[in-house]
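**Q**
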Amino acid sequence: MLLLESYRLGPLELPNRLVMAPLTRNRAPSGVPNDMMATYYAQRASAGLIVSEGTQVAALGQGYQDTPGIYSPQQRDGWRRVTDAVHAAGGRIFAQLWHVGRISHSYYHGQRPVAPSAIAPTGKAYTPEGMKPYETPHALSRDEIIMVVEQFRHAASIALAAKFDGVEIHAANGYLIDQFLQTGSNHRTDEYGGSVENRTRFLVDVATAVLGVWGAGRVGVRLSPGGGMNGIHDDDPVETFRHAARLLDEMEDIVYLHVVEAPVGSSGPDERSVCATELLRPIFRRTLISTGGYSPASAERALERHRADLVGFGRLFIANPDLPERIRNGAQLNEPDQTTFYTPGEHGYIDYPSMEPVAA
Ligand SMILES: Cc1cc2nc3c(=O)[nH]c(=O)nc-3n(C[C@H](O)[C@H](O)[C@H](O)COP(=O)(O)O)c2cc1C
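Count the sequence shown with our numbering and you get residues 388 to 747, in order.
1) Hey, Gly485 and Thr442: beta-carbon distance below 9 Å or not?
2) Ala596 and Val536: beta carbons closer than 9 Å?
3) Out of Gly680, Gln566, Val554 and Asp724, point me to the one whose CA is closest to Ile641's CA.
4) Threshold first: 4 residues or longer. Then list the alpha helix (DSSP H) segments lying entirely within the segment 492 to 537, N to C.
5) Using 8 Å as the cut-off, can you tell me whether the segment 400 to 409 makes contact with the segment 493 to 512, which would need three or more C-beta pairs spanning the two stretches below that distance?
6) Near Leu698, which residues of its chain fall below 8 Å by C-beta distance, leaving aside the five closest residues on each side in sequence?
7) If you draw a straight line from the alpha carbon of Ala559 to that of Ala475, how long is it in whole angstroms?
8) Just to confirm before moving on: does the CB-CB distance between Leu634 and Val600 stay below 9 Å?
9) Which of the three DSSP states is assigned to Arg688 in this structure?
10) Rounded to whole angstroms, what's the CA-CA distance from Pro669 to Ala632? Just pull it up for me.
11) Any idea what DSSP makes of Gly655, helix, strand or coil?
12) Name the two residues that bound the continuous alpha helix (DSSP H) containing Arg629.
13) May I have a chain-ordered list of the beta strand (DSSP E) segments no shorter than 3 residues that lie completely inside the segment 580 to 627?
14) Taking 8 Å as the cut-off, is the beta-carbon of Arg692 closer than that to any non-hydrogen atom of ligand 1?
15) Count the other CB atoms within 10 Å of the CB of His557; is the residue buried (16 or more) or exposed (fewer)?
16) How would the residue list near ligand 1 read, in chain order, if you kept each one whose beta-carbon is closer than 7 Å to any heavy atom?
17) Are the beta-carbon atoms belonging to Phe539 and Val438 less than 9 Å from one another?
18) For Thr470, collect the residues of the same chain with a Cβ closer than 7 Å to its Cβ; drop the 5 residues on either side in sequence, then sort them by chain order.
19) Using only CA atoms, which one of Ser393, Gly397 and Glu392 lies nearest to Thr674?
20) Mapping DSSP to helix, strand and coil, what is Tyr739?
21) Glu378: which of Glu665, Thr727, Asn721 and Phe728 sits nearest, CA to CA?
22) Rounding to the nearest angstrom, what Cα-Cα distance links Ala472 and Gly613 in this structure?
23) Cβ of Arg609 within 9 Å of Cβ of Val583?
24) Can you tell me which of Tyr579, Asp696, Tyr494 and Leu666 puts its alpha carbon nearest to the alpha carbon of Leu527?
25) Among Asp422, Ile564, Arg431 and Thr523, which residue has its Cα nearest to the Cα of Pro455?
26) According to DSSP, is Met423 helix, strand or coil?
27) State buried or exposed for Asp621, treating a residue as buried only when at least 16 other CB atoms are found within 10 Å of its CB.
28) Where does Ser417 sit, in a helix, a strand or coil, going by DSSP?
29) Assign Val554 to one of three DSSP states: helix, strand, or coil.
30) Taking the straight line between their C-alpha atoms, what separation do you get for Arg458 and Asp464?
31) When the Cα atoms are used, what is the spatial distance from Arg692 to Leu666?
32) For a test of the three-state rule: what should DSSP assign to Leu389, helix, strand or coil?
33) How long is the line joining the alpha carbons of Arg713 and Asn573, rounded to whole angstroms?
34) In the DSSP assignment, find the alpha helix (DSSP H) that holds Ala646 and state where it starts and stops.
35) According to DSSP, is Ala548 part of a helix, a strand, or is it coil?
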C-alpha cells in the first residue's frame, strides 16, 4: 500500500504517509501543555507526521477553553515534555501556530478580539459560561499587524526551543489569517485589503517571519479553500486560493501545503469551489497533504492518482492511536466518540485501545 510507504519530507524521513491532522482537544488548563497530552501524542507516534492541535501564539489568539499556548516559558517547557515523549516513541511532530482573530471572545482575555476589519462573524462563541454572541472585533492598525506578525515569529522560536520538528501555519478554517484572505471578513482599504495581492500579504508576512526562525524544509501552511467554517466567505474562492497557493509555491522554503477538504459537519465543499485538493495540486509543486473525510481506502486512491503526497486523518487518529498498524493488519477501527472530543480528562483522550500485541 502506498499509504504505508515511507516519504521524504524536507530533512525528515516519514515511515508512512499518514499525517495525524491538527485536533483541538481542550485538555490544557491554563494553556500549558501537560503530561496527559504527552501521553496522548506519544501514543500516536507511529503516524508519519503528527501536526499538533492549534496552539495560540498570543493570549488574544485564543478562542476556546483550555487550548494550549506557545508564547510563555511555561508553555515552552510543557511542549518540550510533549516533543520528548513523541521522539522517545519514534515519532515526528510539527506545532500548529494559531490565532483565531475574531473567533475569540473577551471572556478569555478581557479584550476585544482583533481582525482585519470590524465585522463580527455570524453565530456565537463558545465559552464555559455558555454560548455568547460574537463581539465586533477591533480592526488591526498597520502597527498592530506588525505586532501580530511578531507574535507568530516569537511563537515559532518557542516551538524551536521546545524541540518540535517544524511548524504548520494555521491559515485555514476562518481564523485570523483566513480572515485576511477572504473578502467577507476583510474590507480594508490599505495594502492588506482589496485586491487578492493585498489580502494575501498578511499570510506572506507571517510565513516570511516564521521561515526566518526555522529555515527551509520545516514550515508548512494549512489552507481551506472550501470555506464554510466560522462564518468565513469569499466572493471568488477559486481566484483567492489559487493566488495564495502560487505565492506559497514561490516561497521555496515552505515544505508543504496542507489542504482542508470539506470541514467536519458541513454538507460538503462550497458549491462555488471545486475540490480543494485538485484545485491547488497543480499550483503548489512540492508536498501536498490532503485532509478531510478520508478512509484508508479513499486515502490510498488519492495517493494512487497522485492527488496528494500525504493524507491527513483527524477523527480516525483520535480513536485509533495505532492507526498505521491497524491499516497494515486490516484490523477493525475504533469508532471516535464525539461526546468526548472537547471534554476534560483522560476519558476519550488517552483510553482508546491499541490492538492487542500479536503473540509471537
Ligand atoms: C475534534 C476536532 C478538533 C479539530 N481541531 C483542529 C485544529 O486545532 N486545527 C485545525 O486546523 N483543524 C482542526 N480540526 C480539523 C481536522 O484537522 C480535520 O481537518 C478534520 O477533522 C477532517 O478530517 P477527518 O475527516 O479525518 O476527521 C479539528 C477537527 C476535529 C474533529
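Don't be surprised by glycine CBs; every beta carbon is placed ideally from N, CA and C. What you are looking at is a predicted structure, and each value in this text was computed from that prediction instead of being measured.
**A** In this structure, then:
1) Per the sequence shown, the amino acid found at residue 485 is Trp instead of Gly. Cβ distance < 9 Å, so Trp485 and Thr442 count as in contact.
2) For Ala596 and Val536, yes; Cβs fall inside 9 Å.
3) When each option's Cα is compared against that of Ile641, the closest is Val554.
4) Within the segment 492 to 537, the runs of alpha helix (DSSP H) at least 4 residues long that lie entirely inside it are, in chain order, 493 to 496.
5) The answer is no - the segment 493 to 512 does not touch the segment 400 to 409, with fewer than three Cβ pairs under 8 Å.
6) In the sequence on display, residue 698 carries Val and not Leu. A distance below 8 Å between beta-carbons, with the five flanking residues on each side excluded, links Val698 to the following residues of its chain, in chain order: Leu390, Arg404, Leu405, Val406, Ile676, Ser677, Thr678, Tyr681, Ala686, Ala689 and Leu690.
7) Near 31 Å, if we compare the C-alpha coordinates of Ala475 and Ala559.
8) Their beta carbons are not under 9 Å apart, which means Leu634 does not touch Val600 by this criterion.
9) Three-state DSSP puts Arg688 in a helix.
10) Near 10 Å, if we compare the C-alpha coordinates of Ala632 and Pro669.
11) Per-residue confidence for Gly655 stands at a pLDDT of 46, beneath the threshold of 50, marking its modelled position as unreliable; the derived number appears in the next sentence. It is coil, neither helix nor strand.
12) From DSSP, the alpha helix (DSSP H) with Arg629 extends over Pro624 to Glu637.
13) Listed in chain order, the complete beta strand (DSSP E) runs (minimum 3 residues) inside the segment 580 to 627 are 606 to 610.
14) A distance criterion of 8 Å places the beta-carbon of Arg692 beyond contact range of ligand 1, judged by its closest non-hydrogen atom.
15) Under this definition His557 is a buried residue.
16) Here the residues come out as Ala408, Pro409, Leu410, Thr411, Arg412, Glu440, Gly441, Gln483, Trp485, His557, Ala559, Asn560, Arg609, Val647, Pro650, Val651, Thr678, Gly679, Gly680, Tyr681, Gly699, Phe700, Gly701, Arg702, Leu703, Ile705, Phe728 and Tyr729.
17) With respect to Val438, Phe539 sits apart: the two C-beta atoms are not nearer than 9 Å.
18) Cβ-Cβ distances below 7 Å link Thr470 to Ile480, Ala549, Lys550 and Phe551 in the same chain, with the five nearest sequence neighbours on each side left out; the list follows chain order.
19) Closest option to Thr674, judged by alpha-carbon separation, among Ser393, Gly397 and Glu392: Gly397.
20) Tyr739: coil per DSSP, three-state reduction.
21) This structure gives no information on residue 378, because the portion of the chain shown stretches from 388 to 747.
22) About 35 Å.
23) Contact: no.
24) Here the closest residue by C-alpha is Tyr579.
25) Minimum Cα distance to Pro455 is reached at Asp422.
26) Met423 falls in the helix class under three-state DSSP.
27) With 16 or more other Cβ atoms within 10 Å, it is buried.
28) Helix, per DSSP.
29) If DSSP states are grouped into helix, strand and coil, Val554 belongs with the strands.
30) It should be pointed out that residue 458 corresponds to Tyr in this sequence rather than to Arg. Going from the Cα of Tyr458 to the Cα of Asp464 covers about 11 Å.
31) Those two C-alpha atoms are separated by around 14 Å.
32) Correct three-state label for Leu389: helix.
33) Rounded to the nearest whole angstrom, the CA to CA distance from Arg713 to Asn573 is 44 Å.
34) A quick correction: the sequence has Val, not Ala, at residue 646. If you look at Val646, you'll find it isn't in any alpha helix (DSSP H); it sits in the beta strand (DSSP E) that goes Ile641 to Val647.
35) In the structure shown, Ala548 sits in a helix (DSSP, three-state: H, G or I).
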